[in-house]
Each structure stands twice: as structure tokens, then as C-alpha cells.
Amino acid sequence: MKKISTLLFLFLTISFVNGQTLYSKAFGNSKNKPLIFLHGGPGNSSVYFEATTAQKLADKGFYVIIYDRRGEGRSKDTEAKMNFREYFEDLNSLYKKYRLTKATLIGFSFGGLVTAQFAEKYPKKIKSIVLVSALVSQQESYNTILRTTKAIYEKNGDNANLQDLALIEKMDKNTLEYRTACFKHATLNSYFKLKNPNQEAIEMYASYDTDPLITKYVKNEQAVPTFWKNEPLKNIDVSSSLKKIRSKNISIYALNGRQDGIFCEEQMADLRKIIGNDHVKYIDNSSHTLFIDQQAVFLSSVQNWIK
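The sequence shown begins at 1 in the UniProt record's numbering and counts up by one.
Pasting the structure below:
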């Protein structure tokens, strides 16, 4: 009976938004506090969080809902515009599907931009927000990448890459080409990978090669250019959105890794000014995928914050 009861609380749904399928899955007891995980991107998926973390978070006493945005991950849709209007429609469909009045949103990476703007637009639907490695000001992250990679290239006498950075500095900062160039240098310098992960993280990363949930996942490489084509907002900064959310007494929390190369101390200081010093954790030995790099800290932080 216990196994049957557990299965009743873990279910997969393929819902329909404007005639298109939307992949989602819920973990835990629906009577518990609801959390919705918003994945990174554009073009990514909740698959890594689903495979490594969702059930563990549900075991802490939450009702955890994961989903893939329209046109991304398992939510196949060749007609998806992949803009914020659709992102909001997708989220609203989850509230309806799972009969939610309010929920805590966990915005990971690009998902933080979606989270902040949705919460500003629909504050009555928000219990609280947890930002995880979340973009707040895209330009500040680009600046961090360019400044720190320049220091690396100067130290190594890498004139070719220094010349490339000089060209990037002259580019239109509101273009896809500029974004792509910045992230190229971040990737070149392993800004999204942790050099010395703990044993738990090592084992979870190893599962990427064996877990069928992950091995079947195919990233939509056209998502970023599609977003750029259809979304009028470029080079987004949600600082003002976060301030408006706080003015409505909605709590915002943030978890960032010190080894995540797209953030720096100054960005964390700016975030603390907006959401509160004790609402920000800047965690050592963690890069971008914080819910894996420091999973125990992630789980305990969410559990302590969302009471």
C-alpha cells in the first residue's frame, strides 16, 4: 500500500497549451508546499534537475513540479516562439493543471529571468522566490566574463584571444553575436565547470552518461536564435523587477557558487542590497550547476527558507 500511495503522488503529465504539448512531472504529496523549478536556457531542459534533485527536494516535505518550456527539452513544438509571452502562458498552465493558487518559484540560470518577470506580472501567484545561479543583469555577467578572461589572457600572454576580446568590446551589446562571443570565452575557460567537485557531485555528473533520462535528452540548438528573433527584450536586467517584488513583501532568496565564472563579488553585493544580506548565499566549491555541486546546501537552504 505504501508503494501505491507513493506512486499516486509522483505522476507525469503531458498537458496542452494552445494545442501544443507541455512536459511536466510532479514529485511528492500535493498537500505539501508547491515548488516549481524553472530550468535554464533558452533551449535547455529540467532533465538534469529531475534526474538528480527533484525527488530529494520532495522528500524534504515539498510538492515539486518540474517542466520543460514550450519548444525546449521534452516539450516538442516546432512552432514555439520561445518568448516571455509563451513562457508566462506555460507557467500559468501549470498553475491550472496542478490546481495551484500560490507557489514558490525556483529560477535556475536563465530561468531566473523568467521567474522575476512572471512574479512581477503575477505577484498574487507567488509565495516566494529562490534564485539559483540566476541571471539578474545579463550585461553585468557579460562584463564579468570579459574582465576576468582578459586577466587570464594577459597573464598567459594570449594575444590572439586578447585581440578577440577587443573586437567583442566594440560589438553591439544587444545582439545575439555579442552574447555568443561572450559565452564562447566563458566556455573556453571552463567557467561552468567545477575543478574539484565533491564525491557526491562526481557521482551525479557520472550519471549523465548512464541515466536514460539524460542520455535521451537532445538540446534544441535553435532555441537561442528563435528567442532572439521573437523576443523584443534584449540584454535583460531584472533588478527593477526584483525591487517591485520585494515591495509587495514577497521573499526572494539566492544561491550562487563562488566558482561560477559569470558572477562576481560586486554582483552579489548588488543582489544583497535588493533582497537582503541574509537572503543571499555565496557558496564555495560550486560552479553554475549549484544544485549538483553543493546539493546538500541547496536542499537545506530551500528547506530552511520555505517554511
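Ideal Cβ positions, reconstructed from N, Cα and C, are used throughout, including at glycine.
Opening and closing residue of the alpha helix (DSSP H) in which residue i lies
i, result
"serine 240", "239-247"
"valine 114", "111-121"
"isoleucine 66", "Unbroken run through isoleucine 66 is the beta strand (DSSP E), 62-67; no alpha helix (DSSP H)."
"lysine 102", "Counting along the chain, lysine 102 falls outside any alpha helix (DSSP H), and DSSP gives it neither H nor E."
"valine 132", "Looking at the DSSP string, valine 132 is not in any alpha helix (DSSP H); the run it does join, the beta strand (DSSP E), is 126-132."
"alanine 151", "138-156"
"residue 310", "In this structure the chain extends from 1 to 307, so residue 310 is not present and cannot be described."
Where residue i falls, given that 16 or more other Cβ within 10 Å makes a residue buried
i, result
"glutamate 177", "exposed"
"asparagine 156", "exposed"
"glutamate 86", "buried"
"glutamate 72", "buried"
"tyrosine 253", "buried"
"threonine 175", "exposed"
"arginine 70", "buried"
"residue 311", "With the chain represented from 1 up to 307, any question about residue 311 goes unanswered, as that position is not in the structure."
"proline 212", "exposed"
"serine 247", "exposed"
Reduced DSSP secondary structure (H/G/I, E/B, other) of residue i
i, result
"phenylalanine 263", "coil"
"asparagine 220", "coil"
"asparagine 235", "coil"
"threonine 21", "strand"
"proline 34", "strand"
First through last residue of the beta strand (DSSP E) which encompasses residue i
i, result
"serine 93", "Taken as a continuous stretch (DSSP letters only), serine 93 belongs to no beta strand (DSSP E), being part of the alpha helix (DSSP H) at 84-97."
"valine 280", "280-283"
Beta-carbon gap between residue i and residue j smaller than 9 angstroms
i, j, result
"serine 251", "serine 128", "yes"
"glycine 261", "serine 190", "yes"
"glycine 257", "aspartate 284", "yes"
"phenylalanine 263", "threonine 144", "yes"
"alanine 201", "glutamine 294", "yes"
"serine 207", "threonine 52", "yes"
Original post:
Along the chain, which unbroken stretches of the alpha helix (DSSP H) at least 4 residues long are found entirely within the stretch 166-203?
Top reply: Here the runs fully enclosed are 176-188.
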